[in-house]
Amino acid sequence: MRVIWAFFWSFLLVQMMSYVVSAMTPGVTYDFGQASIFSVVITVLVIALGALIPNEPAEQH
27 MRVIWAFFWS FLLVQMMSYV VSAMTPGVTY DFGQASIFSV VITVLVIALG ALIPNEPAEQ
87 H
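Residues 27 to 87 in my numbering are what the sequence shown lists, from first letter to last.
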């Protein structure tokens with residue numbers, strides 16, 4: 027379920043970011059396919075980053 031929610035939010039946020047950037051940059055068009063592929067890449071990075079960060083509290087501060 028965590029993977030589904032990570033993909034859902036990354037998909038929405040990347041689509042919005044891609045649309046806004048393409049609207050503000052002259053000569054650039056919005057590409058749904060490219061933004062979808064980028065959202066999959068972001069999802070994989072977020073899940074990998076979550077797996078790398080330890081859950082245990084720090085022993086020494």
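For every residue, glycine included, the Cβ atom is placed at its ideal position computed from N, Cα and C.
CB contact flag (residue i, residue j, <9 Å)
i, j, result
"valine 67", "alanine 32", "no"
"valine 40", "serine 65", "yes"
Exposed unless 16 or more other CB atoms sit within 10 angstroms - verdict on residue i
i, result
"threonine 51", "exposed"
Own chain partners of residue i with C-beta closer than 6 Å, once the 5 adjacent residues on each side are dropped
i, result
"tyrosine 45", "Tyr56"
"serine 36", "Ser65, Ile68 and Thr69"
Nearest residue (CA-CA) to residue i, options the options
i, options, result
"leucine 38", "Val70, Ala49 and Ala61", "Ala61"
Kindly confirm or deny that the stretch 77–85 and the stretch 51–61 touch, where touching means at least three C-beta pairs closer than 8 Å. no
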